[in-house]
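Everything below concerns the one structure shown next.
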Amino acid sequence: MLFNSYPFILGFLPVVLVVYGALGESRWRQATPFFLIAASLFFYAWWNWHYLLLFLFSIAFNYLWSRLLGPIPPAGAAASARARRLILGVGIAVNVALLGYFKYRDFLVGSVNGALGLAWPLLHMELPLAISFFTFEQITYLMSCYRGEEGTGDFVSYAMFITFFPHLIAGPIVRYQEIYPQFNRRTQFRLSAENLTPGLMIFAIGLFKKVILADTFRDYVGPVFEAHFLPSFPDAWGATLAFALQVYFDFSGYSDMAIGLARMFGVRFPENFDSPYKCTNMVEYWHRWHITLSFFLRDYVYIPLGGNRRGELRQHLNLFLTMLVGGLWHGASWTFVVWGALQGVALSINHAWRKHSTRRLPALAGVALTFGVTLFGYVFFRSTTFTRAWQIVRGMVGANGFAWRAEFGSFTSEMYRNILKGLLVVWFCPNRQTIMQWDWLGDYVYAAAFVVLAVVSVLNLANPPAFVYFQF
Amino acid sequence: MAAARRLRLMLSWLVAAVAAVIVLNILVNPWGAWRFHLVPGKYRRVRAERVVTPYLLRTAAPDTLLLGSSRTLYGMKIEQGVHDGVENAALSGSRLQEIAKEVDIALRNPHLRRVIWGVEFYTIDAYTDSCSPDTCARLDGDWRITLTDNLLSADTFVASYRMIGRALQGKIAADARQPIPWPKAFICRQFANPPPPTLAGMDEQRRLREISQLPEYRQFDYSPRLFQLFLEIVQRIRRAHVELIAYVPPVDQFELEMIRQTGRWPDFQRWKRELAQHLSYTDYSGYNGIARSDRMFIDAWHMEPAVGATIMRQLLGDSIPDCPDAAIVAGSALRVTADNVGAMLALQDRRKDEATAAPNVYSTTIAAVIAKRYGHIAAPDLSARR
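Chains A and B are the protein sequences, given in the same order. Numbering-wise (the working numbering), the first sequence opens with residue 1 and increments by one. Numbering-wise (the working numbering), the second sequence opens with residue 1 and increments by one.
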């Protein structure tokens with residue numbers, strides 16, 4: 001079920017909120033977690049119920065496997081520690097294998113076929129919804145159990161943590177330790193105005209970003225990235241800039257909706273975006289773009305690889321490998337691998353610059369350079385083939401001419417007008433976190449702003465397209 | 001308490017705003033989804049026919065129904081969708097599956113006496129063997145899309161607002177007040193002063209843009225299954241004792257060249273031959289007087305409303321307007337039956353050969369478009385024939 005759809009907004013959400021609220025005030029309050037789990041599974045199955053069994057298997061396996069880990073052995077029990085490491089390793093391997101089978105099998109087989117001239121069959125399987133997200137979250141849970149962190153062991157809390165519908169489909173990638181304490185607060189399982197009010201507002205802001213902003217830019221991307229003609233300078237730049245705005249408003253809008261929904265139920269999710277296009281360097285960018293993924297990659301890939309503890313050269317290699325994994329996580333395609341590699345190289349250069357140079361770029365130049373590198377990466381991120389990506393890169397440097405494409409007519413000028421407005425928003429407008437801290441907004445202004453955002457978005461919901469990040 | 005007060009305000013205002021939108025849309029009923037309406041239907045303007053037509057088909061009770069693609073939609077344009085007992089149910093890029101559903105709904109109307117169908121070559125392309133999900137849902141009467149289209153849509157809200165505005169000002173365009181079939185004097189006035197844009201009146205850049213967007217024929221794949229579906233629709237109309245008047249709409253010479261230069265002229269002719277085995281039709285397509293008169297086209301695809309209006313008069317057996325362009329339209333018509341189809345197709349071939357004997361603006365422009373469209377891919381082998 002999409003957050004930006006009538007069935008969700010007019011059906012699922014109100015019903016779940018009402019039942020949740022009623023249960024919380026009744027003598028059956030203890031049943032609330034079971035209701036939330038059931039509702040979340042229904043939410044998951046709405047899209048494609050065939051993969052519900054896979055999802056349930058994954059939950060059951062990870063929970064049972066986490067029980068095998070047992071408590072942290074006393075110091076000196078080396079054999080027990082080795083056994084736990086082995087169990088953890090197998091658990092992570094099973095998760096990665098499941099992800100690999102469904103998401104990367106065809107990619108690997110296709111690559112081998114291409115390299116060796118073989119014709120091994122491809123499965124062409126539909127990717128189970130949200131598999132990248134729930135796999136990563138369950139790996140974090142196994143790690144929490146391995147480290148003996150508080151609270152691990154309660155199956156209902158665990159199932160609720162994994163299935164909780166606000167983050168189920170496309171994140172943010174939350175950790176058990178962030179969510180578990182919130183499910184166990186005494187005041188939990190009750191609706192409150194203190195949570196519903198900001199939750200609704202955050203959800204409305206996210207919905208507006210997705211429906212009104214992101215979907216506007218989406219219309220400018222496909223005609224260039226999915227076409228066959230050689231894009232000219234304005235076509236190539238326009239489509240790439242439009243994609244940068246689309247993916248930002250789409251994913252940050254989705255994250256806002258997820259954060260707002262969780263807040264309605266009294267759960268606070270970590271922030272996932274913090275005006276990333278305002279960043280002055282790539283290191284900062286990756287601290288403010290898809291923040292929860294960045295932290296996951298840092299904690300579960302970069303640091304285990306050695307981080308910056310084994311010398312500078314190794315640090316750069318680790319960064320590169322980490323971003324390569326990040327690229328592959330986004331999609332099973334060599335274009336995503338190249339995108340990840342570009343991010344790794346950019347981060348390495350940025351770290352090296354910081355270490356070896358005392359010169360700092362002026363803020364404006366830093367923003368321009370960071371945004372430029374991001375745009376260059378997006379060409380590979382959005383293109384489905386290297387041929388197309390290369391044609392667009394050539395278009396961006398003027399190798400395909402500077403003429404506005406006659407067939408597009410006013411489309412190109414309209415695109416640039418909207419891109420300009422979009423850039424003004426991302427560079428100069430306050431972000432959602434800032435807006436939510438404006439205490440000077442009176443009740444009437446607050447309510448009016450909410451109604452305008454919500455009504456305009458809901459009235460434009462017809463034919464909702466999926467979120468960009470649903471494919472991951 | 002502050003949060004509770006704020007929440008109460010948010011929810012109550014939200015409910016009030018949504019309710020206001022819904023009530024306005026119900027009362028104004030801009031898409032004609034139900035018979036009740038506060039504002040008369042004559043103030044309606046159909047801009048998104050794929051939304052409006054499925055609803056109007058159920059509530060209007062016309063005696064004449066127009067079917068076809070955007071050529072019929074724009075060429076026999078009815079501003080309000082239905083007027084003077086004639087409903088234009090043509091859809092842009094219509095597919096046969098959609099037309100089949102339209103016909104099923106239309107035949108429930110006891111007042112329906114005739115169907116005028118602008119049959120299209122492209123609808124037999126296997127690529128078009130589908131139905132737009134939303135259009136089909138509307139034609140199937142899916143309650144979910146009916147509710148969201150008519151009650152919870154920004155487009156509907158804006159249309160309601162504008163319809164009220166037109167009604168308050170009593171504003172109906174002069175063209176939209178004309179009786180149908182359109183009067184001869186009106187048609188001649190339109191030929192003399194066609195509403196912009198026209199293909200002939202465009203600057204060179206825009207003209208090239210329009211021509212560059214002509215439909216794809218290179219991958220055309222003749223579908224016997226779709227032709228069978230076409231015949232089933234014809235049978236359904238006949239079984240309901242509704243008169244069926246079929247015509248092949250005019251095609252600009254640029255598009256004819258696109259068909260010919262992508263090697264599809266034999267398919268075009270074959271389709272017409274098979275058509276004639278099952279029903280008589282009037283053929284306005286081909287290398288005729290209309291095709292080479294750019295002033296008779298809105299753009300590279302669509303005939304001018306004056307052309308469509310003349311065609312409708314001719315199809316209904318009414319007299320032709322007394323102006324030279326109307327005479328060209330009428331003179332381009334070929335009445336094709338099972339008995340004369342061979343001769344008519346031979347005539348079409350002869351006209352084609354004459355028109356393409358030497359390079360001209362149509363053939364050279366389309367050759368350039370084809371080369372540009374496929375970029376580094378070699379232009380198709382023009383001698384290819386299937």
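The beta-carbon is built from N, C-alpha and C at its ideal position, and this holds for glycine as well.
Contact criterion: CB-CB distance below 7 Å. Does Met312/B meet it with respect to chain A?
Here residue 312/B is taken as the residue at index 312 of the second sequence, counted from 1. No, Met312/B lies away from the interface with chain A (no Cβ there is under 7 Å from its Cβ).
So, under 8 Å CB-CB, Tyr55/B and Arg108/B are touching, yes? Tell me the CB distance rounded to an integer number of Å.
As a first step, residue 55/B must be located in the second sequence, where it is residue number 55. As a first step, residue 108/B must be located in the second sequence, where it is residue number 108. Contact doesn't hold; Cβ gap of about 14 Å is too wide.
Per DSSP, which one or two residues make a beta bridge with Thr64/B?
Mapped onto the second sequence, residue 64/B falls at position 64. The bridge partners DSSP lists for Thr64/B are Val86/B, Arg114/B.
Would you mind reading off the limits of the alpha helix (DSSP H) that contains Tyr122/B?
By one-based count along the second sequence, residue 122/B stands at place 122. From DSSP, Tyr122/B is part of no alpha helix (DSSP H); its letter is neither H nor E.
Three-way DSSP call (helix, strand, coil) for Glu243/B in this model
For this step, residue 243/B is matched to residue 243 along the second sequence. Reduced to three states, the DSSP call for Glu243/B is strand.
Does the Cβ of Val468/A have 16 or more other Cβ atoms within 10 Å, making it buried, or fewer, making it exposed?
Residue numbering aside, residue 468/A sits at position 468 when the first sequence is read from its first letter. The predicted model places Val468/A with a pLDDT of 48, which falls under 50 and marks its position as unreliable; any figure quoted below should be read in that light. Buried, since its Cβ has 16 or more Cβ neighbours within 10 Å.
Beta-carbon within less than 7 Å of Val211/A's beta-carbon, same chain only, minus the 5 sequence neighbours each way: which residues are those?
As a first step, residue 211/A must be located in the first sequence, where it is residue number 211. Closer than 7 Å at Cβ, skipping near neighbours: Asn4, Ser457, Asn460, Leu461.
Are the C-beta of Thr385/A and some C-beta of chain B separated by less than 7 Å?
Numbered from 1 along the first sequence, position 385 holds the residue referred to as residue 385/A. No, Thr385/A lies away from the interface with chain B (no Cβ there is under 7 Å from its Cβ).
Just curious, the alpha helix (DSSP H) that Arg58/B is in, first and last residue?
Numbered from 1 along the second sequence, position 58 holds the residue referred to as residue 58/B. Unbroken alpha helix (DSSP H) run through Arg58/B: 49–59.
Look at Gly260/A and Ala214/A and say whether their C-beta atoms are less than 7 Å apart.
The sequence position of residue 260/A within the first sequence is 260, counting from 1. The sequence position of residue 214/A within the first sequence is 214, counting from 1. Ala214/A is positioned such that its CB atom lies no closer than 7 Å to that of Gly260/A.
Ala176/B: which of Val119/B, Leu96/B, Glu120/B, Gln80/B sits nearest, CA to CA?
For the purposes of this step, residue 176/B is identified with residue 176 of the second sequence, where counting begins at 1. Ranked by Cα distance from Ala176/B, the options Val119/B, Leu96/B, Glu120/B, Gln80/B are led by Gln80/B.
Within a Cβ cutoff of 7 Å, which residues of the same chain sit near Thr216/A, ignoring the five residues on either side of it in sequence?
The count along the first sequence starts at 1 and reaches residue 216/A at position 216. Counting only residues of its own chain and dropping the five nearest sequence neighbours on each side, Thr216/A has a CB closer than 7 Å to the CB of Asn418.
Please classify Glu210/B: is it buried, with 16 or more other beta-carbons within 10 angstroms of its beta-carbon, or exposed?
Numbered from 1 along the second sequence, position 210 holds the residue referred to as residue 210/B. Here Glu210/B is buried: its Cβ has 16 or more other Cβ atoms, across all protein chains shown, within 10 Å.
Starting from Asp256/A, trace the alpha helix (DSSP H) both ways and give me its first and last residue.
In the first sequence, counting from the first residue as 1, residue 256/A sits at position 256. Asp256/A -> alpha helix (DSSP H) spans 233–264.
Do the CB positions of Thr292/A and Asn272/A come within less than 7 Å of each other?
By one-based count along the first sequence, residue 292/A stands at place 292. By one-based count along the first sequence, residue 272/A stands at place 272. Yes; because the gap between Cβ atoms is below 7 Å, this pair is in contact.
Cutoff 6 Å; reference Trp65/A; Cβ partners in own chain excluding five residues on either side:
Residue 65/A sits at position 65 when you count from the first residue of the first sequence. The answer, listed in chain order, is Gly91.
Just tell me which of Pro110/B, Lys42/B, Asp318/B has its CA closest to the CA of Ile237/B.
Along the second sequence, one-based indexing puts residue 237/B at 237. Checking every option, the nearest Cα to that of Ile237/B belongs to Pro110/B.
Could you have a look at Tyr281/B and say whether DSSP puts it in helix, strand or coil?
Taking the first residue of the second sequence as 1, we reach residue 281/B at position 281. In the structure shown, Tyr281/B falls within a strand segment according to DSSP collapsed to helix, strand and coil.
Does the contact criterion of 3 or more C-beta pairs under 8 Å hold for the stretch 434–454 of chain A versus the stretch 186–206 of chain A?
Note that the stretch 434–454 of chain A touches the stretch 186–206 of chain A; at least 3 beta-carbon pairs, one per stretch, sit closer than 8 Å.
Give me the Cα-Cα distance between Met10/B and Leu129/A, rounded to the nearest whole angstrom.
The sequence position of residue 10/B within the second sequence is 10, counting from 1. The sequence position of residue 129/A within the first sequence is 129, counting from 1. Rounded to whole angstroms, the gap between the alpha carbons of Met10/B and Leu129/A is 34 Å.
Would His241/B be called buried (16 or more neighbouring beta carbons within 10 Å of its own) or exposed?
Locating residue 241/B in the second sequence gives position 241, where the first residue counts as 1. Of the other Cβ atoms in all chains shown, fewer than 16 fall within 10 Å of the Cβ of His241/B; this residue is therefore exposed.
Closest by CA to Gln182/A, which one among Phe134/A, Pro172/A, Met160/A, Arg359/A?
Along the first sequence, one-based indexing puts residue 182/A at 182. Measuring from the Cα of Gln182/A, the nearest candidate turns out to be Met160/A.
Whole angstroms are fine: how far does the CA of Val221/A sit from the CA of Leu191/A?
Counted from its first residue, the first sequence places residue 191/A at position 191. Counted from its first residue, the first sequence places residue 221/A at position 221. Annotation: Leu191/A to Val221/A spans about 41 Å, alpha carbon to alpha carbon.
Check whether chain A comes within 7 Å of Ala126/B, counting only Cβ atoms and requiring the distance to be less than that.
As a first step, residue 126/B must be located in the second sequence, where it is residue number 126. Output row for Ala126/B: interface = no.
Counting only Cβ-Cβ distances shorter than 9 Å, please list the residues of the stretch 5–19 of chain B near chain A, keeping chain order.
From the stretch 5–19 of chain B, only Arg5, Arg6, Leu7, Arg8, Leu9, Met10, Leu11, Ser12, Trp13, Leu14, Ala16, Ala17, Val18 have a Cβ closer than 9 Å to chain A.
Whole-angstrom Cβ separation of Val455/A and Val52/B, contact assumed at under 8 Å?
In the first sequence, residue 455/A corresponds to position 455, counting from 1. In the second sequence, residue 52/B corresponds to position 52, counting from 1. Taking the Cβ atoms as the reference, Val455/A lies roughly 23 Å from Val52/B, outside the contact range of under 8 Å.
Looking at the structure shown, is Val39/B part of a helix, part of a strand, or coil, going by DSSP?
To locate residue 39/B, count along the second sequence from 1; it is residue 39. Looking at Val39/B - three-state DSSP - the assignment turns out to be coil, as it is neither helix nor strand.
Along chain B, which residues have their Cβ under 7 Å away from the Cβ of Leu196/A?
The residue you call residue 196/A lines up with position 196 of the first sequence. Contacts between Leu196/A and chain B, judged by CB atoms closer than 7 Å, involve Leu7 in chain order.
Euclidean distance between Cα positions of Ser12/B and Trp31/B
Here residue 12/B is taken as the residue at index 12 of the second sequence, counted from 1. Here residue 31/B is taken as the residue at index 31 of the second sequence, counted from 1. Note on geometry: alpha-carbon atoms of Ser12/B and Trp31/B lie some 29 Å from one another.
Any beta carbon of chain A sitting closer than 7 Å to that of Thr148/B?
Mapped onto the second sequence, residue 148/B falls at position 148. Thr148/B counts as touching chain A.
Whole-angstrom distance between Lys421/A and Tyr302/A, CA atom to CA atom
Position 302 of the first sequence, counted from the first residue, corresponds to residue 302/A. Position 421 of the first sequence, counted from the first residue, corresponds to residue 421/A. Rounded to whole angstroms, Tyr302/A to Lys421/A spans 37 Å at the Cα level.
Between the C-alpha atoms of Leu27/B and Leu73/B, what's the straight-line distance to the nearest angstrom?
Taking the first residue of the second sequence as 1, we reach residue 27/B at position 27. Taking the first residue of the second sequence as 1, we reach residue 73/B at position 73. In this structure, the CA atom of Leu27/B is about 27 Å from the CA atom of Leu73/B.
Classify Phe189/A as helix, strand or coil using the three-state DSSP reduction.
On the first sequence, residue 189/A is found 189 positions in, with the first residue counted as 1. In the structure shown, Phe189/A sits in coil (DSSP, three-state: anything other than H, G, I, E or B).
Would you kindly report the start and end of the unbroken alpha helix (DSSP H) that includes Val158/B?
In the second sequence, residue 158/B corresponds to position 158, counting from 1. That run of the alpha helix (DSSP H) goes 154–169.
Does any residue of chain A bring its CB to less than 7 Å from the CB of Ala276/B?
Taking the second sequence and counting its residues from 1, the one referred to as residue 276/B is at position 276. Against chain A, the CB of Ala276/B has no partner CB under 7 Å away; the residue lies outside that interface.
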